[in-house]
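Working notes, beginning with the structure itself.
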Amino acid sequence: MRGRQRLLQDVDHFIHKHHLINRGDTILVGVSGGPDSIALLHYLGNVALSFQLKLVAAHVDHGLRGKESAEDLLFVKHYCHQEGITFEASTVDVNHYKKQHQVSTQVAARECRYHFFKEKMEKHQANLLALAHHGDDQIETMLMRQVHGSISSGLAGIPARRPFSIGYLIRPFLCVSKEQILSYCSDHMLDYRSDPSNNKDDYMRNRFRHHVLPFLKEENPNVHKRYQLYSERMQDDERLLVELAKQHLEKVIIDQNDKFVKMDNKAYHCLPIPLQRRVIHLILNYLYRGNAPFSSIHIEDLRLMLDSEHPSASLNLPLKLRAVKSYTTCYFSFETFLQPEPYTYHLPLWGSVETPTGTITAVPVKDVPQSLSGNDLIVEGHLLPAVVRSRRPGDRIQPKGMIGTKKVKDIFIDRKIDRSERDVWPIVEDVTGQIIWVAGVTRSEKATLSARKSQLVHLHYEKKTLT
Numbered sequence: 001m002r003g004r005q006r007l008l009q010d011v012d013h014f015i016h017k018h019h020l021i022n023r024g025d026t027i028l029v030g031v032s033g034g035p036d037s038i039a040l041l042h043y044l045g046n047v048a049l050s051f052q053l054k055l056v057a058a059h060v061d062h063g064l065r066g067k068e069s070a071e072d073l074l075f076v077k078h079y080c081h082q083e084g085i086t087f088e089a090s091t092v093d094v095n096h097y098k099k100q101h102q103v104s105t106q107v108a109a110r111e112c113r114y115h116f117f118k119e120k121m122e123k124h125q126a127n128l129l130a131l132a133h134h135g136d137d138q139i140e141t142m143l144m145r146q147v148h149g150s151i152s153s154g155l156a157g158i159p160a161r162r163p164f165s166i167g168y169l170i171r172p173f174l175c176v177s178k179e180q181i182l183s184y185c186s187d188h189m190l191d192y193r194s195d196p197s198n199n200k201d202d203y204m205r206n207r208f209r210h211h212v213l214p215f216l217k218e219e220n221p222n223v224h225k226r227y228q229l230y231s232e233r234m235q236d237d238e239r240l241l242v243e244l245a246k247q248h249l250e251k252v253i254i255d256q257n258d259k260f261v262k263m264d265n266k267a268y269h270c271l272p273i274p275l276q277r278r279v280i281h282l283i284l285n286y287l288y289r290g291n292a293p294f295s296s297i298h299i300e301d302l303r304l305m306l307d308s309e310h311p312s313a314s315l316n317l318p319l320k321l322r323a324v325k326s327y328t329t330c331y332f333s334f335e336t337f338l339q340p341e342p343y344t345y346h347l348p349l350w351g352s353v354e355t356p357t358g359t360i361t362a363v364p365v366k367d368v369p370q371s372l373s374g375n376d377l378i379v380e381g382h383l384l385p386a387v388v389r390s391r392r393p394g395d396r397i398q399p400k401g402m403i404g405t406k407k408v409k410d411i412f413i414d415r416k417i418d419r420s421e422r423d424v425w426p427i428v429e430d431v432t433g434q435i436i437w438v439a440g441v442t443r444s445e446k447a448t449l450s451a452r453k454s455q456l457v458h459l460h461y462e463k464k465t466l467t
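The following block contains the structure:
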């Protein structure tokens with residue numbers, strides 16, 4: 001009886017503390033048939049009347065244990081029939097999903113299961129999905145993520161409440177231990193199913209459960225409460241830090257689209273290190289669409305690259321995402337986006353050509369304009385028609401005032417042109433195929449005007465403005 005009362009008191013207090021359940025809620029309950037989910041369904045069934053709750057039990061047969069899996073489904077169905085609880089079930093082909101999506105068995109089972117939960121929440125207009133993760137699960141999860149090198153938000157463990165589908169996913173049992181749940185089942189004479197695979201050490205979670213958890217509980221029988229409190233404090237701290245990081249994103253991010261983010265390194269380095277980590281996390285999360293295949297190791301590698309004294313560096317990240325540091329900026333993009341196609345355009349008089357970094361126009365003029373910038377070049381007509389192209393290996397130019405030539409590659413380095421722009425930066429050739437202008441960067445000695453200044457043409461480079 002004491003086990004029953006302790007669980008009820010702990011769970012009642014936990015639900016109230018975290019505002020998990022309100023009067024009139026419709027709750028989809030994930031029920032595998034094991035002791036945890038059966039105890040949760042029984043608990044919610046007992047409070048359903050006083051809270052005016054509508055319960056729907058949802059069971060997924062993953063098809064991984066043959067006859068035993070089918071018997072689990074029938075067991076849960078029978079229990080729900082006895083208790084008058086609406087029952088939903090699905091049998092999924094986890095192995096097929098695993099092969100199709102190239103994921104592990106555990107990930108495939110989880111994704112199939114959560115997809116089913118989402119469908120049934122929408123069908124029954126359930127605003128809550130209740131799952132039976134308990135305090136021991138919390139300890140195991142936090143320890144595993146520490147060992148794996150999880151990102152800071154992951155180290156905080158399992159949240160008691162988070163958005164899911166059309167409502168929220170809640171875990172009312174995070175405050176109680178497995179032992180309390182088993183005592184509750186015994187006190188209420190609740191039957192449940194057992195999964196033999198839980199007794200094996202094949203999975204890392206099982207190894208923590210069998211070999212690490214007993215040691216912790218021996219030191220402190222209520223260790224699950226300490227971990228839960230630690231988890232809640234970490235989640236509170238993380239929410240604040242992420243919110244602060246979001247407030248700085250507008251200054252840090254210069255440009256972005258679905259597959260690309262350009263970051264201002266100076267603005268980034270003005271942030272405290274904890275916010276730097278979370279800015280990187282937000283950028284990666286945006287590009288990966290929330291399906292985060294990265295860890296704290298990737299974030300720290302990026303920090304080291306950005307802190308390096310070298311002006312240029314790059315880092316390969318999961319799923320062909322690439323980070324490229326180039327002087328004052330850092331680009332995050334997928335490799336296909338970072339490999340531009342070479343281009344060659346003929347530049348017509350009274351016309352223009354558009355390049356990846358900007359537009360070049362050619363307009364005949366009678367005299368040399370008084371106000372010219374580095375983005376302007378006045379050439380004589382005998383050098384035209386001109387060609388605008390991307391750079392090629394071995395490109396050289398004779399800069400104005402210099403005897404001899406210089407590699408275009410070295411000019412880009414000297415002028416600190418971003419590495420990501422060098423392969424697409426416009427280079428202007430004259431009619432003989434010699435480079436007369438690296439647009440906006442360096443003009444050739446060959447483009448120097450003669451005394452006659454005949455048939456002048458004004459070339460102007462308008463660099464794209466990032467938004």
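1 is the number of the first residue of the sequence shown in the working numbering; add one for each residue after it.
All residues carry an ideal CB built from backbone N, CA and C; glycine is no exception.
In this structure, how does DSSP classify residue i when only helix, strand and coil are distinguished?
{"i": "A57", "result": "strand"}
{"i": "T467", "result": "Note that T467 scores a pLDDT of 42, beneath 50, so its modelled location is shaky and nothing firm can be said."}
{"i": "D93", "result": "coil"}
{"i": "A130", "result": "strand"}
{"i": "R451", "result": "Note that residue 451 is Ala in the sequence shown, not Arg. In the structure shown, A451 sits in coil (DSSP, three-state: anything other than H, G, I, E or B)."}
{"i": "N316", "result": "strand"}
{"i": "C112", "result": "helix"}
{"i": "A70", "result": "helix"}
{"i": "V428", "result": "strand"}
{"i": "Y43", "result": "helix"}
{"i": "M121", "result": "helix"}
{"i": "R443", "result": "strand"}
{"i": "C270", "result": "coil"}
{"i": "S152", "result": "helix"}
{"i": "F294", "result": "coil"}
{"i": "T405", "result": "coil"}
{"i": "I21", "result": "coil"}
On the premise that residue j lies in contact with residue i, defined as a C-beta separation below 8 Å, what is that separation, rounded to the nearest angstrom?
{"i": "R171", "j": "H133", "result": "5 Å"}
{"i": "F332", "j": "K320", "result": "Wrong, their Cβ atoms sit about 12 Å apart, outside the cutoff."}
{"i": "L129", "j": "F117", "result": "5 Å"}
{"i": "D264", "j": "F173", "result": "That belief does not hold up - the Cβ atoms of D264 and F173 are roughly 46 Å apart, past 8 Å."}
I'd like to know whether the C-beta atoms of residue i and residue j end up nearer to each other than 8 Å.
{"i": "E122", "j": "I166", "result": "yes"}
{"i": "V438", "j": "I411", "result": "yes"}
{"i": "D418", "j": "S326", "result": "yes"}
{"i": "L7", "j": "Q180", "result": "yes"}
{"i": "L354", "j": "S450", "result": "First, the residue type needs correcting, since residue 354 is Glu and not Leu in the sequence shown. Result no, Cβ atoms of E354 and S450 do not sit closer than 8 Å."}
{"i": "T329", "j": "I427", "result": "no"}
{"i": "G34", "j": "Y268", "result": "no"}
{"i": "R278", "j": "A245", "result": "yes"}
{"i": "A57", "j": "V76", "result": "yes"}
{"i": "L456", "j": "I360", "result": "no"}
{"i": "L55", "j": "I85", "result": "yes"}
{"i": "L28", "j": "H96", "result": "no"}
{"i": "D10", "j": "C175", "result": "yes"}
{"i": "R389", "j": "T344", "result": "yes"}
{"i": "S69", "j": "H62", "result": "yes"}
Going by other Cβ atoms of all chains shown within 10 Å of its Cβ, with 16 needed for buried, is residue i buried or exposed?
{"i": "C270", "result": "exposed"}
{"i": "P350", "result": "The sequence shown places Trp at residue 350, rather than the Pro named in the question. Burial call: exposed."}
{"i": "G30", "result": "buried"}
{"i": "M189", "result": "exposed"}
{"i": "S371", "result": "exposed"}
{"i": "R233", "result": "exposed"}
{"i": "H281", "result": "buried"}
{"i": "T467", "result": "Summary for T467: the model assigns pLDDT 42, below 50, so the residue's position carries little reliability; its value from the coordinates is reported in the next sentence. By the 10 Å Cβ count, T467 comes out exposed."}
{"i": "K266", "result": "exposed"}
{"i": "E309", "result": "exposed"}
{"i": "R239", "result": "exposed"}
{"i": "H81", "result": "exposed"}
Report the partner residues of residue i according to the DSSP bridge assignment.
{"i": "R145", "result": "Answer is none; R145 lacks a bridge partner."}
{"i": "R162", "result": "L169"}
{"i": "C185", "result": "Its beta-bridge partners do not exist; DSSP assigns none."}
{"i": "N220", "result": "Answer is none; N220 lacks a bridge partner."}
{"i": "V31", "result": "Per DSSP, none; premise fails for V31."}
Does the beta carbon of residue i sit closer than 8 Å to a beta carbon anywhere in chain D?
{"i": "I280", "result": "In the structure shown, chain D does not exist; there is a single protein chain."}
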